[in-house]
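Just add 14 to the spot in the sequence shown (first one is 1) and you have the numbering used here.
Don't be surprised by glycine CBs; every beta carbon is placed ideally from N, CA and C.
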Amino acid sequence: MKNLLKDWKYPLLLLSGVGYLIYAFSNEFLIAAIGFFILSFFMAYAYCIYNIFLKLATKFNIRKSEKTVANTVKCIDK
């Protein structure tokens, strides 16, 4: 598990930061669009990797949690 986060964490953060810097300091629309594309692509990719890591690391079933919360709310309403 630790290797998955270790291998993907820094390149994704670095490339997201590069995209943000290109987007933030651009003078033309085309350069801003390229920076925004880089930023959005790597942020989405990082989000997917972190979700996979968290699911594998915690093995937490959200559906089961939602059912218990729903049952608790039903009991309170009665």
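Among the options, which has the Cα closest to the Cα of residue i?
i, options, result
"Pro25", "Leu68, Phe55, Leu70", "Phe55"
Can you look up residue i in the DSSP assignment and give me helix, strand or coil?
i, result
"Lys92", "At Lys92 the pLDDT is 49, less than 50, meaning the model places this residue with poor confidence and gives no usable figure here."
"Phe39", "coil"
Going by other Cβ atoms of all chains shown within 10 Å of its Cβ, with 16 needed for buried, is residue i buried or exposed?
i, result
"Gly49", "buried"
"Leu53", "buried"
"Gly33", "buried"
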